[in-house]
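In our numbering, the protein residues as written are 337 to 761.
Here the structure comes first, spelled out in C-alpha cells, and everything after it is commentary.
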Amino acid sequence: MDNLDFSSLSEDFRKSGGLGSKIRPFFPIFGQHQEQTLCYLDSAASSQKPKVVIDRLVHYLSYEHANIHRGAYRLSSEATANYDSARHTVARFLNASTDESIVFTKGATEAVNLVAHSFEEYFSPGDVILLSLLEHHSNIVPWQLLAARKGLKIEWIGVNKDASLDLDDFRSKLKIFKPRLVSVTAVSNAFGTVVPLEDVVDQAHEIGAKVLIDASQAVMHRPFDVQSLQADFLAFTGHKIYGPTGIGVLYAREDLLEKMNPFQGGGDMIETVSTEGSTWAKGVRKFEAGTPPIAEAIALGTAIDFISAIGFDRIIAHESNLFKKAYSLLSSEPGVTVYGPASGGGLQASILSFSVDGIHPHDLATIADSFNVQIRAGHHCAMPAMKALGLRSTARASIGLYSDIYDFERLIEAIRHSRKLLGPK
Numbered sequence: 337m338d339n340l341d342f343s344s345l346s347e348d349f350r351k352s353g354g355l356g357s358k359i360r361p362f363f364p365i366f367g368q369h370q371e372q373t374l375c376y377l378d379s380a381a382s383s384q385k386p387k388v389v390i391d392r393l394v395h396y397l398s399y400e401h402a403n404i405h406r407g408a409y410r411l412s413s414e415a416t417a418n419y420d421s422a423r424h425t426v427a428r429f430l431n432a433s434t435d436e437s438i439v440f441t442k443g444a445t446e447a448v449n450l451v452a453h454s455f456e457e458y459f460s461p462g463d464v465i466l467l468s469l470l471e472h473h474s475n476i477v478p479w480q481l482l483a484a485r486k487g488l489k490i491e492w493i494g495v496n497k498d499a500s501l502d503l504d505d506f507r508s509k510l511k512i513f514k515p516r517l518v519s520v521t522a523v524s525n526a527f528g529t530v531v532p533l534e535d536v537v538d539q540a541h542e543i544g545a546k547v548l549i550d551a552s553q554a555v556m557h558r559p560f561d562v563q564s565l566q567a568d569f570l571a572f573t574g575h576k577i578y579g580p581t582g583i584g585v586l587y588a589r590e591d592l593l594e595k596m597n598p599f600q601g602g603g604d605m606i607e608t609v610s611t612e613g614s615t616w617a618k619g620v621r622k623f624e625a626g627t628p629p630i631a632e633a634i635a636l637g638t639a640i641d642f643i644s645a646i647g648f649d650r651i652i653a654h655e656s657n658l659f660k661k662a663y664s665l666l667s668s669e670p671g672v673t674v675y676g677p678a679s680g681g682g683l684q685a686s687i688l689s690f691s692v693d694g695i696h697p698h699d700l701a702t703i704a705d706s707f708n709v710q711i712r713a714g715h716h717c718a719m720p721a722m723k724a725l726g727l728r729s730t731a732r733a734s735i736g737l738y739s740d741i742y743d744f745e746r747l748i749e750a751i752r753h754s755r756k757l758l759g760p761k
C-alpha cells in the first residue's frame, strides 16, 4: 500500500474547521446512524476507528500479509519493513532515543505484566512497590502477583476528596518506605485526574526508585517526551488511541531492557536453541516471542500518523474546551454530582465521572443507550479508587476527537428521562 498522504489529510482537517462533529466523516461508524446521531461517550474504554486505520488493516491482510523475520521472499521482507516502520513511528511519537526501546505487546495490561515478570530480578524480599489508589486494576494486579512471588510489600499513595493525588502522602511514602518502584497512571481512567508526572518521576528518582507510567488514558490527548520526562517504563494500548485492538506498547530504557529476562519463550525471541539450552535474541525481539500482531502494529502506526496529522495543538484546544462546557452542563444539572479534581479547580482531562440521585449507573447507561448515547457504568476496573471516594460505581462519559457538545446535551436529555422514570417521586 502506498504511503498515505497525511499532509493532504491535515489540510482536510484545516478546511473542516475543527474537530468534534466536523471530523466524524473520517470515522465510518458515525455514517451508519442516519435516524439518530450516535453520541459515543465511551472513548476512555475504547476509541472509534478512522477509515485510514481500517483501510490500512484491511489492505495489509488482503494484499501484504506474510510472517516477518522468517522469509527471504519479497512479501515477508516488506511485512518486516512495515512492522519495523511502525516501531519507528511509535518511537518518534514518544520521542524515544531509539527504536530499540519500543516493545510491541498485545495491550497495556500485557506491557505491565511484562515488566512485573522480566524485571523481577531487580527486587529482593522485603522491597516496596509504591502504587496510587487511582490505578486501573491492570496496574495493580501484576504487582500483587509479583509481591506474592518475591515477598515484596505494596504501599499506596492516597487520594484527596476531589480524587486528586495526595502529593504530600506521596512524598511521605517515598521518605518512609524508599520504594524500589513507583508505578502510576498519567490520567485516572475513573475520574480523569491528571497526575503531575514530572514531579512524581523526579522525586522518585531522587530516592533511587524506578518509575513506570501507565499512559493509556493520556497518549491520545497530549504529547509525551519520554526523554524529557526521564521515564524508566511507559505503557499504553492501541485501541484507545484510534488504533486496533490486540496491540500495545511498552517503552523501556534500553539499558534496562538489556538486563531484563524474556517474558515468554518461543520462536523469534531466540538466538540459538540446542538440547543444552537457549540464548536470546538481541534487543526488543527478546520480548516478542512467536508471531507478533503484525497487522495491528502496522495499523497502530497509521493511527499515530492520523492524530499527528491533526496535531496536538488542535486536539488539546478542542478537548479542553469541550470538557469545560460538558462539565458545566453536567454539574449544573439538578440531581447530578460530578466527581474529580475539576470540582475544586484542579486538573482533570477528558473523563467525567458522575452519579444521578436515585438512579443506579447501570440503569442510567441502559436508558442513555435508548437515546443513542453510549456511556460506561460501574467501578471502571478501579475499585480502590472508588473505595477511596466512598463510591461503589459511577456513570462515566469520556471525550474523543469526534465528541461534541451535542453528545452531552443528548446525555442530559437521557438523565432527565431516567429521573422521570426511576427517580424519587
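Even glycine gets a Cβ: it sits at the ideal position worked out from N, Cα and C.
Alpha carbon to alpha carbon, how far is residue j from residue i? Give it in angstroms, no decimals.
i	j	result
Val322	Glu534	Nothing can be reported for residue 322, as the shown portion of the chain is limited to 337 through 761.
Ile490	Glu457	17 Å
Ile741	Leu665	9 Å
Val448	Asp568	12 Å
Phe513	Leu548	17 Å
Ala765	Ala713	Coverage of the chain is limited to positions 337 through 761, which leaves residue 765 absent and any answer about it impossible.
Val464	Gly544	12 Å
Asn339	Ser610	For Asn339, the pLDDT reaches just 49, beneath the cut-off of 50, and the residue's location in the model is therefore unreliable, although a value from the coordinates is still provided. Between Asn339 and Ser610, the C-alpha separation is close to 42 Å.
Leu517	Gly579	30 Å
Asn431	Asp699	43 Å
Leu393	Ala639	11 Å
Gly407	Thr581	26 Å
Thr615	Ala483	28 Å
Thr521	Ala718	11 Å
Arg752	Ala499	26 Å
For a test of the three-state rule: what should DSSP assign to residue i, helix, strand or coil?
i	result
Ser729	coil
Glu607	strand
Phe572	strand
Ser689	strand
Ala408	coil
Thr673	strand
Phe363	coil
Ala381	coil
Tyr399	helix
Going by beta-carbon coordinates alone, are residue i and residue j separated by less than 8 Å?
i	j	result
Gln553	Asn525	yes
Ile583	Lys385	no
Val495	Leu466	no
Leu737	Ile359	yes
Phe659	Val672	no
Ser454	Leu501	no
Asp378	Ser734	yes
Thr434	Ala427	yes
Tyr399	Ala631	no
Ala731	Val523	no
Glu607	Phe440	no
According to DSSP, which residues form a beta bridge with residue i?
i	result
Glu491	Leu466
Leu517	Ile465 and Lys546
Ile695	Val692
Ser614	Val609
Gly714	Thr730
Gly584	Thr441 and Thr573
Leu501	Val495
Tyr578	Its beta-bridge partners do not exist; DSSP assigns none.
So, under 8 Å CB-CB, residue i and residue j are touching, yes? Tell me the CB distance rounded to an integer number of Å.
i	j	result
Gly637	Ser421	6 Å
Asn418	Ile634	5 Å
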